[in-house]
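Here's the structure, in structure tokens; my notes come after.
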Amino acid sequence: DGGITQSPKYLFRKEGQNVTLSCEQNLNHDAMYWYRQDPGQGLRLIYYSQIVNDFQKGDIAEGYSVSREKKESFPLTVTSAQKNPTAFYLCASSTQGANTEAFFGQGTRLTVV
Amino acid sequence: DQQVKQNSPSLSVQEGRISILNCDYTNSMFDYFLWYKKYPAEGPTFLISISSIKDKNEDGRFTVFLNKSAKHLSLHIVPSQPGDSAVYFCAARVWGSARQLTFGSGTQLTVLP
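Protein chains in written order, with this note's numbering: chain P, 1 to 113; chain C, 1001 to 1113.
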């Protein structure tokens, strides 16, 4: 059945290392997004992509990078330049229709030690 | 600058009573509003939405009201059930944008049996 898959669910990395979070969708959605959630805060947009091979920075893109080589995949790399990488990361996708919701994956909890 | 605000971080309600969750926004370009429900360590799930051309949308126990002049929306849950206990996020989308959502900080609803 269709959905968005994020892997892994939990990820631990040492400070200074880059890490890539996976996001795959089989909903045939054109648009994909990465959000970050911190305790007591809402979801903040990191990057988004409307079509393959194109993406734009969100509100908190510094220290992150993405790629969109395939419609189904939108991996997020957390680089060593990200000052506070420990967070819950959520990937979402949606159609390009006017009044449509975004569907979310189950999230990846990244802990940097 | 927080464009979508949920000023109540938590709300407790007795089972069977009405839960009212509130959300305020500042951007008059928002044209579509959504409510998401989120359990710990999971991705948000879509609950209900409303277009700016309407002032009410109902789906079963859930009703969303929109007051554009006050830039305020609310989610009513009647009757509340213990399974409704979760964090509820209000989100909004700008007309003509790349469809990315701006989220509030969330309200933790606890329904007491």
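Where is the CB? At the ideal position from N, CA and C, for every residue including glycine. All values reported here derive from a predicted model rather than from experimental measurement.
The beta strand (DSSP E) spanning residue i covers which residue range?
{"i": "P:L21", "result": "19-25"}
{"i": "C:N1022", "result": "1019-1025"}
{"i": "C:H1095", "result": "Looking at the sequence shown, residue 1095 of chain C is not His but Trp. Looking at the DSSP string, C:W1095 is not in any beta strand (DSSP E), and its letter there is neither H nor E."}
{"i": "C:D1084", "result": "Careful: C:D1084 lies outside any beta strand (DSSP E) and carries neither H nor E."}
{"i": "P:D54", "result": "54-57"}
{"i": "C:V1111", "result": "1107-1112"}
{"i": "C:Q1014", "result": "1010-1014"}
May I ask you to list the residues that DSSP assigns as paired with residue i?
{"i": "P:M32", "result": "P:S49, P:S93"}
{"i": "C:L1034", "result": "C:S1049, C:A1091"}
{"i": "C:N1067", "result": "C:H1072"}
{"i": "P:Y10", "result": "P:R109"}
{"i": "P:R44", "result": "P:R36"}
{"i": "C:D1059", "result": "C:F1062"}
{"i": "C:V1004", "result": "C:Y1025"}
{"i": "P:Y64", "result": "P:V78"}
Below 8 Å on the Cβ atoms is my guess for residue i versus residue j; work out the distance and round it to an integer in Å.
{"i": "P:Y10", "j": "P:M32", "result": "With 8 Å as the limit, P:Y10 and P:M32 do not qualify as a contact, their Cβ atoms being about 22 Å apart."}
{"i": "P:N60", "j": "P:R36", "result": "At residue 60 of chain P the sequence reads Ile, which differs from the Asn that was named. At roughly 7 Å, the Cβ-Cβ gap stays under 8 Å, so P:I60 and P:R36 are in contact."}
{"i": "C:L1109", "j": "C:S1085", "result": "6 Å"}
{"i": "C:G1104", "j": "P:G42", "result": "5 Å"}
{"i": "C:S1049", "j": "C:F1033", "result": "6 Å"}
{"i": "P:P8", "j": "P:T108", "result": "6 Å"}
{"i": "P:T95", "j": "P:D30", "result": "7 Å"}
{"i": "C:G1106", "j": "C:V1087", "result": "5 Å"}
{"i": "P:I58", "j": "C:Q1100", "result": "Looking at the sequence shown, residue 58 of chain P is not Ile but Gly. That belief holds up - the Cβ atoms of P:G58 and C:Q1100 are roughly 7 Å apart, short of 8 Å."}
Determine, for residue i, whether the minimum Cβ-Cβ distance to residues of chain B falls below 7 Å.
{"i": "P:Y47", "result": "No chain B is present in this structure, whose protein chains are P and C."}
Please go through the region 67-112 of chain P and give each complete beta strand (DSSP E) segment of 3 or more residues, from N-terminal end onward. DSSP runs (the beta strand (DSSP E)) wholly in the region 67-112 of chain P: 76-78, 87-94, 108-112.
Below 8 Å, can you find three or more Cβ-Cβ pairs linking the region 1050-1062 of chain C to the region 77-92 of chain P? The answer is no - the region 77-92 of chain P does not touch the region 1050-1062 of chain C, with fewer than three Cβ pairs under 8 Å.
Taking 8 Å as the threshold, find out whether the region 1071-1078 of chain C comes into contact with the region 80-92 of chain P through three or more Cβ pairs. These segments do not touch.
Segment contact, 8 Å Cβ cut-off, at least three pairs: the region 1018-1035 of chain C with the region 66-73 of chain P: Touching, no, given that fewer than three Cβ pairs across the two stretches are closer than 8 Å.
Assess, as a yes-or-no matter, whether the region 1063-1075 of chain C is touched by the region 1003-1016 of chain C under the definition of 3 or more beta carbon pairs within less than 8 Å. The region 1003-1016 of chain C is not in contact with the region 1063-1075 of chain C.
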